[in-house]
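Going by this note's numbering, the first residue of the sequence shown is number -11, and it counts up by one from there.
Built from N, CA and C at the ideal position, the CB exists for glycine as well.
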Amino acid sequence: MKYIIKNGSVVFPGGVKKCDVLVEDGKIAEVGENISCDCEVLDAEGLHVFPGLIDMHVHLREPGFEGKEDIESGSKAAVAGGFTQICCMPNTNPVNDNAVVTTYIKYRSEQVNLCKVHPIGSITKGEKGEELAEIGKMASAGAVAISDDGRSVMDSKIMRLAMEYANGFNIKCLCHCEDENLVDGGVVNEGLNSTITGLKGSIRAAEDIMIAREICLSESLGIPVHICHVSTYSGVELIRSAKARGVKVTAESCPHYFWLTDDIITGFDTYTKVNPPIREERDRQAIIEGLKDGTLDCIVTDHAPHSKKDKQVEYSLAAFGISGIETSFSLSYTKLVKEGDMSLPELAEKMSAAPARILNLEGGEIKAGAPADITIADLAAKYVIDGEKFISKGKNTPFNGTEVYGKIAYTIVGGDVKYSAV
Ligand code: DOR
């Protein structure tokens, strides 16, 4: 199979350039100006051609919670959101704490055959924080990392052992950072708005203490670690100073942390409830600054689809999470690039190259020889977000009614067009 993407503006690490991309047998065969080819043409006039987007932090809910999402609906939503590769968290039922579940996720996603799905194994059995999971066996079965996402591993000795084991298999721990004792049932950020609403707050320190602990372990052991969904200004500062002294720490944040402040919780909309919580303006600005200066390596969605019955209850009882995979690109483009904080190559770095590097995945750049994982977007197209129109089973977005720019036109995985807007 051979075709050529013509007339598009291709986003390279060093800049954006109008050129052609020749795709052959699932790979990028050639990139250059005026490539001649007697083959089918995909006309990308007026469109931007990005390296396939990668989301290293999503929840697909299968096995066990298929009412919220499953591998098929999540993959369909992912390609509609421009993602060619996604990594799914292990808080399923059963938890992905063994090679059988890891193998099942790989098998099922290969059947679905849309985007590439990489399973993340759990750190501890059942994500209970007590006993290490079968890390080596899961790694051999295809787990690209381990995480107890949704919870912190509270026992520092277990976390140390997890880092050492994972490192032995050349994979990383992705750390959900919230001290459960300090969170103590908090459902929103602790501050003025938790006081006004009467909703129980969770203090920044709950997150920062665990970020600091993971940095300490990483530094003492000399083992790389990755910090999930950073939400606090102080967490950004901890990571910045650790990086400055050479600690091998990487970190991510999500669109809701650089778009929103906890002012929105005063409407008691449970779609704003997420872990860690949406914080204040100072935090929002620090997340943008951290993304700009490289303290925060990548943008993920933490796509956390929930059913209506899990959200249409009073705030304190609602499930935590935001369905984000279909809005991440447009939210990131609109807030970071259109508002002038970032260039298109920098956005491609955050949403493709960096996650590929952090998890040792193929992809992240448009170049000859790479897999033909390509995302083509119409940056001039604007639309208003409506969660009810999501392909994902999770309609839970706090961004309903928000006007954004940047529509996905095509998502190409291994040379095959898996999503097309037209
Ligand atoms: O809000 C969240 N929801 N944060 C997490 O870390 C887990 C996720 C979920 O699984 O719903």
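* Closest by CA to V392, which one among K377, L367, K383? -> Nearest C-alpha to V392: L367.
* Asked: Sorted by chain position, which residues of the same chain lie with C-beta nearer than 8 Å to L205's C-beta, five sequence neighbours on each side aside?
  -> S144, M147, R148, M151, I211, V213.
* Proximity winner among S241, T260, P264, relative to C286 (alpha-carbon distances) -> Closest option to C286, Cα to Cα, is S241.
* Answer yes or no: the CB of F414 versus the heavy atoms of the ligand DOR, is any distance below 7 Å? => For the chain, the structure presents residues -11 to 410; residue 414 sits outside this window and is missing.
* Asked: Any chance the CB of N79 is under 7 Å from a heavy atom of the ligand DOR?
  -> Within the chosen limit of 7 Å, the ligand DOR reaches the beta carbon of N79 through at least one heavy atom.
* Asked: Which residue spans inside the stretch 223 to 255 form an unbroken alpha helix (DSSP H) run of at least 4?
  -> Listed in chain order, the alpha helix (DSSP H) elements of length 4 or more contained wholly in the stretch 223 to 255 are 243 to 247.
* According to the Cβ coordinates, are I266 and A239 closer than 8 Å? -> Going by C-beta atoms, I266 is not nearer than 8 Å to A239.
* **F317 in three-state terms, based on DSSP** => In this structure, F317 counts as helix in the three-state DSSP scheme.
* Asked: What are the boundary residues of the beta strand (DSSP E) that V100 is part of?
  -> Where V100 is concerned, there is no enclosing beta strand (DSSP E), although the alpha helix (DSSP H) it sits in stretches over 87 to 100.
* Asked: Starting from A307 and walking both ways along the beta strand (DSSP E), at which residues does that stretch end?
  -> Where A307 is concerned, there is no enclosing beta strand (DSSP E), because DSSP gives it neither an H nor an E.
* **Straight-line gap, G426 to I184 (C-alpha atoms, nearest Å)** => In the structure displayed, the chain extends from -11 to 410; residue 426 sits before or after that span and is not available.
* heavy atom of the ligand DOR below 7 Å from G138 C-beta -> Distances taken from the Cβ of G138 to the heavy atoms of the ligand DOR include one shorter than 7 Å.
* Asked: Helix, strand or coil: how does DSSP classify I276 here?
  -> Reduced to three states, the DSSP call for I276 is helix.
* Ordered along the chain, which non-local residues of its own chain (more than five positions away) have a Cβ less than 6 Å from that of T91? -> Closer than 6 Å at the Cβ level, and outside the excluded window around T91, lie A129.
* Asked: With a Cβ-Cβ cutoff of 8 Å, do A360 and G403 count as a contact?
  -> For the 8 Å CB-CB criterion, A360 and G403 form a contact.
* Proximity winner among V262, D43, M(-11), relative to D26 (alpha-carbon distances) -> Of the candidates V262, D43, M(-11), the one whose C-alpha sits nearest the C-alpha of D26 is M(-11).
* Spatial distance of L226 from G234 (CA atoms) -> Straight-line Cα distance between these residues: approximately 13 Å.
* To do: Say yes only if the C-beta of H244 is nearer than 7 Å to one or more non-hydrogen atoms of the ligand PLP, and no if none qualify.
  => What this structure holds is the ligand DOR, not the ligand PLP.
* DSSP three-state call for A360: helix, strand or coil? -> Under the three-state reduction of DSSP, A360 is assigned to coil, being neither helix nor strand.
* Quick one: Cα of K395 to Cα of A369, how far? -> Roughly 6 Å between the two C-alpha positions.
* Contact test: N384 Cβ vs the ligand DOR heavy atom, cutoff 7 Å -> No, since every heavy atom of the ligand DOR falls outside the 7 Å radius drawn around the Cβ of N384.
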